[in-house]
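Numbering (full-length UniProt numbering), first residue to last: 1 to 232.
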């Protein structure tokens with residue numbers, strides 16, 4: 001439900017981005033929505049990765065340590081965890097909110113980043129690694145362990161709890177969709193940050209990074225559109 005809510009909030013902003021694309025990068029929704037829409041995208045990404053990390057950890061405990069899972073899988077614990085994830089995601093999205101602005105140039109309005117300093121780039125790099133790639137590595141580690149266990153005890157696990165296996169399959173598909181959607185975008189973003197920090201004069205690499213971000217953005221947006229079909 002929380003993942004679906006995150007996707008729904010993100011989809012509300014989608015018409016503004018579509019309008020920007022069809023109007024040749026001209027942002028016509030105003031300064032507030034420029035900042036708010038960018039912030040919502042950032043919160044959606046962090047909320048999704050943190051929720052998927054928790055869902056993967058939950059499945060991992062259910063398979064690998066069922067006695068521990070039974071003790072901590074309570075309604076109150078889940079509620080507190082979800083509140084913490086939403087609060088953390090909103091905080092992690094704040095740098096995006098503070099860094100976006102509406103620039104007017106050549107008769108057009110552009111929703112873009114403010115002047116980037118080295119300190120901001122370092123903070124962006126740390127945030128990307130700690131809040132995206134590290135949780136992603138955790139998710140992959142959980143699923144590698146789950147897959148290994150299920151391969152060894154496939155027949156026994158299947159007979160014992162088909163419902164659990166089905167829920168694992170759904171979460172696995174959601175994680176796979178998230179990886180395909182968000183990893184290319186964040187890899188190009190990582191590339192762009194590193195090029196700026198290293199002060200690389202190679203214009204080709206910078207162009208590739210910016211073009212990659214632009215091309216991979218629709219895939220990141222598509223993740224929120226695809227998830228409802230996966231759920232149902």
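We put the CB at the ideal spot given by N, CA and C, even for glycine.
Which of the three DSSP states is assigned to residue i in this structure?
i           : result
residue 166 : helix
residue 101 : strand
residue 110 : strand
residue 115 : coil
residue 198 : coil
residue 1   : coil
Taking C-alpha atoms, which residue in the options lies nearest to residue i?
i           : options           : result
residue 53  : 35, 15, 82        : 82
residue 86  : 188, 9, 205, 139  : 9
residue 92  : 129, 222, 106     : 129
residue 142 : 183, 56, 45, 38   : 56
residue 149 : 65, 203, 175, 69  : 65
residue 104 : 96, 97, 113       : 113
residue 151 : 36, 39, 63        : 63
residue 197 : 187, 207, 96, 117 : 117
residue 173 : 226, 138, 122     : 226
residue 43  : 131, 218, 71, 69  : 131
residue 133 : 97, 120, 188, 169 : 188
residue 11  : 211, 184, 41      : 41
Got a sec? Which residues, its chain only, sit under 8 Å from residue i by beta carbon, not counting five neighbours each side?
i           : result
residue 237 : Absent from the structure is residue 237, since the part of the chain shown begins at 1 and ends at 232.
residue 147 : none
Within a Cβ cutoff of 6 Å, which residues of the same chain sit near residue i, ignoring the five residues on either side of it in sequence?
i           : result
residue 192 : 209
residue 73  : none
Note down, in chain order, each residue of its chain lying with its Cβ closer than 7 Å to the Cβ of residue i, except the 5 sequence neighbours on either side.
i           : result
residue 27  : 20, 34, 102, 109, 110, 111
residue 48  : 3, 6, 178
residue 190 : 128
residue 234 : In the structure displayed, the chain extends from 1 to 232; residue 234 sits before or after that span and is not available.
Cβ-heavy atom distance between residue i and the ligand ATP below 8 Å?
i           : result
residue 174 : Absence of the ligand ATP from the depicted structure is noted, as is the absence of any ligand whatsoever, leaving it without description.
Could you tell me which uninterrupted alpha helix (DSSP H) segments, each at least 4 residues in length, are contained entirely in the region 16-92, listed from first to last along the chain?
31-64, 66-72, 75-92
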